[in-house]
Amino acid sequence: MEAKRPSESRTTMTDTVLPSETNPLNNLFGGELLARMDRAASITARRHSRRIAVTASVNHVAFNRSIPLGSVVTVEASISRAFRTSMEIVIDVWTEDRFSGERTKANEAIYTFVAVDDIGIPTEVPPVLPETELEQLRFEAALRRKQLSLVLAGKMNPHDATELKALFQED
Ligand SMILES: CC(C)(COP(=O)(O)OP(=O)(O)OC[C@H]1O[C@@H](n2cnc3c(N)ncnc32)[C@H](O)[C@@H]1OP(=O)(O)O)[C@@H](O)C(=O)NCCC(=O)NCCS
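Oh and the sequence shown: position 37 is 37 in the UniProt record's numbering, straight run, nothing missing.
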């Protein structure tokens with residue numbers, strides 16, 4: 001299969017925060033942000049694979065900054081790496097200053113999607129060809145994260161997680 005660049009499947013969704021989407025402190029409710037991130041990431045996974053893509057795991061979420069009512073929120077989902085049937089999608093969340101328009105990174109998350117056929121059987125996806133320095137860094141770290149996710153899910157023996165073990169081994 002021919003490799004595809006992250007820019008070919010990147011998905012950007014901009015929306016505001018309505019009163020029905022906030023918690024008692026008038027900040028965006030975490031579950032609402034998770035849903036927005038899942039939606040953008042699933043579109044990226046579908047664009048990359050041109051298949052139905054299901055969420056297999058949420059590997060990392062950091063709610064670093066609260067997002068107040070009325071904020072303009074941009075969710076940007078990019079594929080970092082594809083394996084055989086799974087794809088790691090990194091989601092960056094930005095808010096926009098009301099007056100200057102300057103963007104501030106508010107949150108980030110990493111989801112894993114699996115491409116499936118019409119009856120839900122995992123199916124192969126094209127490899128990713130990273131272009132920028134950031135894309136290259138995310139590509140290289142993705143295998144470690146995949147192994148960690150599989151170990152935590154009880155789907156991989158920690159002894160087989162070579163990339164993870166290498167992190168803790170001294171030369
Ligand atoms: C995701 C799903 C298709 C995986 O099925 P499975 O039987 O584990 O399939 P496999 O073992 O062949 O794994 C498929 C791929 O997913 C990866 N994978 C499975 N669980 C994973 C996890 N927790 N973290 C990271 N990758 C995972 C495997 O490593 C494999 O990747 P690869 O082919 O690129 O090497 C299946 O669990 C499913 O359909 N889940 C429900 C998905 C869904 O409905 N999501 C919406 C939320 S409810």
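By construction, the Cβ of each residue, glycine as well, lies at the ideal position given by its N, Cα and C atoms.
Item to check | Under the three-state DSSP convention, the category Phe63 falls into | outcome: The sequence position of residue 63 within the sequence shown is 63, counting from 1. Correct three-state label for Phe63: strand.
Checklist entry - Quick check: the stretch 55-67 against the stretch 126-138, are there 3 or more CB pairs under 8 Å? => result no
Item to check | CB-CB length for Ala115 against Ala53, believed under 8 Å | outcome: Translated into the one-based positions of the sequence shown, residue 115 becomes position 115. Translated into the one-based positions of the sequence shown, residue 53 becomes position 53. The Cβ separation is near 5 Å, so the contact holds.
Checklist entry - Hey, Thr44 and Thr11: beta-carbon distance below 8 Å or not? => result As a first step, residue 44 must be located in the sequence shown, where it is residue number 44. As a first step, residue 11 must be located in the sequence shown, where it is residue number 11. Against a cut-off of 8 Å, the Cβ pair of Thr11 and Thr44 comes out as a contact.
Next on the checklist: Taking 7 Å as the cut-off, is the beta-carbon of Ser80 closer than that to any non-hydrogen atom of ligand 1?
Outcome noted: One-based indexing of the sequence shown puts residue 80 at position 80. Result no, Cβ not under 7 Å from ligand 1.
Checklist entry - Assuming Ala62 and Glu8 make a contact with CB atoms under 8 Å, what is their CB distance in whole Å? => result Residue 62 sits at position 62 when you count from the first residue of the sequence shown. Residue 8 sits at position 8 when you count from the first residue of the sequence shown. Rounded, the Cβ-Cβ distance is 27 Å, inconsistent with contact.
Item to check | Endpoints, alpha helix (DSSP H) assigned at Phe139 | outcome: Walking along the sequence shown from the start, residue 139 turns up at place 139. Per DSSP, Phe139 belongs to the alpha helix (DSSP H) from 133-152.
Checklist entry - Does the beta carbon of Pro68 fall short of 7 Å from some heavy atom of ligand 1? => result Sequence index remark: in the sequence shown, residue 68 carries index 68 (1-based). Incorrect: Pro68 has no Cβ contact closer than 7 Å to ligand 1.
Item to check | For Ile52, the residue or residues it bridges with in DSSP | outcome: Within the sequence shown, the letter at position 52 stands for residue 52. Per DSSP, Val116.
Item to check | Residues near Thr22 by beta carbon distance below 7 Å, same chain, minus five either side | outcome: To locate residue 22, count along the sequence shown from 1; it is residue 22. Excluding sequence neighbours, Thr22 sits near Leu28, Phe29, Leu69.
Item to check | Residues of its chain near Leu129, where Cβ-Cβ distance is below 7 Å and the 5 sequence neighbours each way are ignored | outcome: In the sequence shown, the residue the question calls residue 129 occupies position 129. Result list for Leu129: Ala3, Lys4, Arg5, in chain order.
Item to check | DSSP state of Arg5 mapped onto helix, strand, coil | outcome: If you number the sequence shown from 1, residue 5 lands on position 5. Coil.
Next on the checklist: Please classify Phe113 as buried or exposed, where buried requires at least 16 other C-beta atoms within 10 Å of its C-beta.
Outcome noted: By 1-based counting over the sequence shown, the position of residue 113 is 113. Buried, because 16 or more other Cβ atoms sit within 10 Å of the Cβ of Phe113.
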